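Using UniProt numbering, you'd call the opening residue of the sequence shown number 1 and step up by one each time. Shown next, in structure tokens, is the structure this report addresses.
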Amino acid sequence: MLTSQGWKYKEGLGKEGQGRRHPIATVFKQDRLCIGHENSGRKVVTHTHQEIEKKAIERQRKMEEQKKDPGKEIAKKAKAESRKRVAMLHYLKQ
1 MLTSQGWKYK EGLGKEGQGR RHPIATVFKQ DRLCIGHENS GRKVVTHTHQ EIEKKAIERQ
61 RKMEEQKKDP GKEIAKKAKA ESRKRVAMLH YLKQ
């Protein structure tokens, strides 16, 4: 939606591109105390922009792997199925 309105990934939000470029990191609250309690313990950042970008790159890599050569995948499946059939025939002949 933003790209259709002229926003570029390398720029921040705002009229002059001065705003945030990356999402705000979130913190997962693991205890059962109220928000703002002084003895909250250790907080763990669960979603940083680096992690989001890594996941996007990994997702894109997996999609490219799946698109590489469907013919090879079909051949692998056919060969495995053939082996199963041969094994079944040997079993039935015994």
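The beta-carbon is built from N, C-alpha and C at its ideal position, and this holds for glycine as well. As the structure is a prediction and not an experimental result, all values here were calculated from the model.
Straight-line CA distance for residue i to residue j?
{"i": "K76", "j": "V86", "result": "15 Å"}
{"i": "E58", "j": "K68", "result": "15 Å"}
{"i": "K93", "j": "K84", "result": "14 Å"}
{"i": "M88", "j": "G71", "result": "26 Å"}
{"i": "L13", "j": "G19", "result": "5 Å"}
{"i": "K10", "j": "A80", "result": "47 Å"}
{"i": "K8", "j": "A56", "result": "17 Å"}
{"i": "R74", "j": "Q66", "result": "Per the sequence shown, the amino acid found at residue 74 is Ile instead of Arg. Each residue's alpha carbon lies about 12 Å from the other."}
Considering only DSSP beta bridges, list what residue i is partnered with.
{"i": "H90", "result": "In DSSP, H90 forms no bridge with anything."}
{"i": "T26", "result": "H47"}
For residue i, tell me which candidate among the options has the shortest Cα-Cα distance.
{"i": "R21", "options": "S82, E64, S4 and E53", "result": "E53"}
{"i": "P23", "options": "I74, E51, E65 and E73", "result": "E51"}
Counting only the same chain and skipping the five closest in sequence on each side, list residues whose C-beta sits under 7 Å from that of residue i.
{"i": "H49", "result": "H22 and P23"}
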